[in-house]
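Take a look at the structure below.
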Amino acid sequence: MARPRLYEQVIERLREYVTSTRLSAGDKLPAERELAQRLGVSRASIKQAIVVLEVQGLIEARHGGGTYLVRDTLDAEPVEQLVERRRRLPDVLEAREALETKLAELAAERRTKADLDELEAALDYMREEISSGSNGVEGDRRFHAAVTAAAHSSMLAEFMRSIADQITESRTESLRQPGRPSRSLGQHLAIFDAISIRDGRKAATAMRRHLRTVAKVRLLTWNPDDDVEQ
Numbered sequence: 001m002a003r004p005r006l007y008e009q010v011i012e013r014l015r016e017y018v019t020s021t022r023l024s025a026g027d028k029l030p031a032e033r034e035l036a037q038r039l040g041v042s043r044a045s046i047k048q049a050i051v052v053l054e055v056q057g058l059i060e061a062r063h064g065g066g067t068y069l070v071r072d073t074l075d076a077e078p079v080e081q082l083v084e085r086r087r088r089l090p091d092v093l094e095a096r097e098a099l100e101t102k103l104a105e106l107a108a109e110r111r112t113k114a115d116l117d118e119l120e121a122a123l124d125y126m127r128e129e130i131s132s133g134s135n136g137v138e139g140d141r142r143f144h145a146a147v148t149a150a151a152h153s154s155m156l157a158e159f160m161r162s163i164a165d166q167i168t169e170s171r172t173e174s175l176r177q178p179g180r181p182s183r184s185l186g187q188h189l190a191i192f193d194a195i196s197i198r199d200g201r202k203a204a205t206a207m208r209r210h211l212r213t214v215a216k217v218r219l220l221t222w223n224p225d226d227d228v229e230q
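Residue numbers (full-length UniProt numbering): 1 to 230.
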């Protein structure tokens, strides 16, 4: 059996603290030392609990500026689910780069006026989502789906459908990184520009650059076994 992680218990106590003190999105959490004293736990456990909450996009630790709530609650995902996603995410990202760079290249070579219209609509949708404070997940999905459609490759489209759930996980993980939605939108624009001028090599390069940004997520730098109780 897996050894218990004390910080998992601390996460629940932090959730209760946020609820009882009526903190909400944008509010600053007390310093780690103060939280440790209030909750009666070690500072090391507080630190690791905060890392897990940061990995899930529930809080944002600003360098030299404290820790802030991103949402109104700390309803954290079970740690074992995070561990499992961390295990499979590299394979998903590798598959996405292999498939989607080729799709972008083909889209540049084969796209129609209707395909460009769909790509533009997806960009507009994501732009509106971000403006309203959302992470832009649906707009991102629509854009990548439009690139796939513009490639006019039934076999590659089938491969993409076969890993759709895993792609959704990687999308959500990426877009909850601080500052990532607007950066992804900018990279989508670069992909669109290359497709619109029928430059397959440039489209593939832009897509590869984008997907390597997608792969830079906090989850992959997290060690779930830090501070496991002995």
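Even for Gly, the Cβ is constructed at its ideal location relative to N, Cα and C. The structure presented is a predicted model; accordingly, all values stated were derived computationally and were not measured.
Neighbour-count burial assignment, residue i, 16 or more Cβ in a 10 Å radius
{"i": "L219", "result": "buried"}
{"i": "N223", "result": "exposed"}
{"i": "R22", "result": "exposed"}
{"i": "G64", "result": "exposed"}
{"i": "I197", "result": "exposed"}
{"i": "R111", "result": "buried"}
{"i": "T148", "result": "buried"}
{"i": "Q37", "result": "exposed"}
{"i": "A164", "result": "exposed"}
{"i": "Q48", "result": "buried"}
{"i": "S162", "result": "exposed"}
{"i": "A204", "result": "buried"}
{"i": "residue 232", "result": "What is shown of the chain runs 1 to 230, which leaves residue 232 out entirely."}
{"i": "A31", "result": "exposed"}
{"i": "A98", "result": "exposed"}
{"i": "S184", "result": "buried"}
Residue interval of the alpha helix (DSSP H) (run including residue i)
{"i": "T213", "result": "G200 to V214"}
{"i": "E100", "result": "V79 to R110"}
{"i": "I11", "result": "L6 to S20"}
{"i": "D165", "result": "A164 to L175"}
{"i": "H144", "result": "V137 to A151"}
Assigned secondary structure, residue i (DSSP; H/G/I helix, E/B strand, else coil)
{"i": "A31", "result": "coil"}
{"i": "A122", "result": "helix"}
{"i": "G66", "result": "strand"}
{"i": "I130", "result": "helix"}
{"i": "I197", "result": "coil"}
{"i": "I59", "result": "strand"}
{"i": "T73", "result": "coil"}
{"i": "A25", "result": "coil"}
{"i": "V51", "result": "helix"}
{"i": "G179", "result": "coil"}
{"i": "S154", "result": "helix"}
{"i": "S184", "result": "helix"}
{"i": "D225", "result": "coil"}
{"i": "S42", "result": "coil"}
{"i": "M1", "result": "Bear in mind that the predicted position of M1 carries a pLDDT of just 45, short of 50, making it too unreliable to give a figure here."}
{"i": "Q230", "result": "Any reading at Q230 needs caution, since the residue's pLDDT is 37, under 50, leaving its predicted position unreliable; the model's value is listed next. Residue state, collapsed to three classes: coil."}
Supposed contact pair residue j and residue i - C-beta distance, whole angstroms, cut 8 Å
{"i": "residue 246", "j": "E158", "result": "With the chain covering only 1 through 230, there is no way to say anything about residue 246."}
{"i": "P78", "j": "N135", "result": "With a Cβ gap of about 21 Å, P78 and N135 do not count as contacting."}
{"i": "L53", "j": "R13", "result": "Rounded, the Cβ-Cβ distance is 12 Å, inconsistent with contact."}
{"i": "I191", "j": "A215", "result": "Their Cβ separation, rounded to whole angstroms, is 16 Å, which puts I191 and A215 out of contact at 8 Å."}
{"i": "A150", "j": "D115", "result": "4 Å"}
{"i": "R15", "j": "L74", "result": "4 Å"}
{"i": "R62", "j": "A25", "result": "Going by Cβ atoms, the distance from R62 to A25 rounds to 14 Å, so no, they are not a contact pair."}
{"i": "L6", "j": "Y68", "result": "With 8 Å as the limit, L6 and Y68 do not qualify as a contact, their Cβ atoms being about 24 Å apart."}
{"i": "V217", "j": "T172", "result": "That belief does not hold up - the Cβ atoms of V217 and T172 are roughly 10 Å apart, past 8 Å."}
{"i": "A59", "j": "V10", "result": "It is Ile, not Ala, that sits at residue 59 in the sequence shown. I59 to V10, Cβ: 13 Å. No contact."}
{"i": "D140", "j": "M126", "result": "6 Å"}
Does the pairing of the stretch 148-166 with the stretch 97-104 give three or more beta-carbon distances under 8 Å?
yes
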